[in-house]
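Only one structure is covered here, and it is reproduced in the block below.
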Amino acid sequence: MKPERVIVGISGASGAAIAVRIIERLAELPSIETHLVVSDAGRRTLQHEIGPRALPHIRSLACRIYPAGDIGAAIASGSFPVHGMIVAPCSMRTLSAVASGHADTLIVRAADVQLKERRRLVLLARETPLHLGHLRNMCTVTEMGAIVMPPVPAFYHKPQTIDDMVDQLACRAIDLLALSIGTIARIWEGEVAETERSSTVTNLLL
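Per this note's numbering, the sequence shown starts with residue -13, numbered consecutively.
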């Protein structure tokens, strides 16, 4: 079987740890081929929020890496078969560019390709609070076919650490691509199931 190609774009918004975890999770899946592009602002955020080893780390995990300005790259063409794309985090500038079709960078061009080819595009739009322009851009890209997923942490799985929350967000973003591997995030099974799980854990501890 041919691997499923997934593009990961990292733009310059807070939340770089989510992008790193997405790439780590994808690297764990032998059937996935990860294509990575990081904007200049994304590099700066990785450096600031995680440290100098973050970029070399994710580059070592990706199958192919593209310069941010290489609008002639393979992923800039709809003829290059790709399953889908995640932009994590997605800055408001990147969101605005996707909404307007202003494809002057490889991240935006690759995102534009996903939309025109009717492929999955997941945008982890990262900003708060939001003004009307942000909201309108979110509506626009949704109408165009993208999935807007603000990185809002879930608490039903009772996370114990920040890493738990980051991992759940990363897995949810990957699940939204609807890959053939199926769901990898922990899912909500209903309140009764969660209560039974908690009771089981309590009994094991006792």
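The C-beta atom is built at its ideal place from N, Cα and C for all residues, glycine as well. This structure is a prediction, so every number in the text was calculated from the model and none was measured.
- R29 and A132 have their C-alpha atoms roughly 24 Å apart.
- When C-alpha distances from A156 are compared across A89, R(-9), L12 and T128, the shortest belongs to L12.
- By the C-beta density criterion, D149 is exposed, having fewer than 16 other C-beta atoms within 10 angstroms.
- Where G70 is concerned, the enclosing beta strand (DSSP E) starts and stops at G70 to C76.
- Counted as a single uninterrupted DSSP element, the beta strand (DSSP E) harbouring T20 occupies residues I18 to V24.
- About 17 Å separates the Cβ atoms of V73 and A40, ruling out a contact at the 8 Å cut-off.
- In this structure, M71 and Q100 form a Cβ contact; the two beta carbons are roughly 5 Å apart against a cut-off of 8 Å.
- Taken through DSSP and simplified to helix, strand or coil, G28 comes out as helix.
- Annotated three-state conformation of V6 is helix, per DSSP.
- For the alpha helix (DSSP H) assignment, the uninterrupted runs of no fewer than 4 residues enclosed by the stretch 125 to 165 are, from N- to C-terminal side, 148 to 161.
- Note that the C-beta distance between M130 and A159 is not below 8 Å.
- The beta carbons of I4 and P75 sit about 6 Å from each other, so the pair counts as a contact at 8 Å.
- Judged by DSSP in its simplified three-state form, R(-9) adopts strand.
- Under the three-state reduction of DSSP, L107 is assigned to strand.
- Residue pairing by DSSP places R50 opposite H21 in a beta bridge.
- Nearest Cα to S(-3) within the set D161, E10, S86 and L22: L22.
- In the structure shown, the three-state DSSP call for I61 is helix.
- Counting the other CB atoms within 10 Å of its CB gives E177 a total below 16, which places it among the exposed residues.
- Residue pairing by DSSP places I(-4) opposite V24 in a beta bridge.
- DSSP places I170 in the coil class of the three-state scheme, outside both helix and strand.
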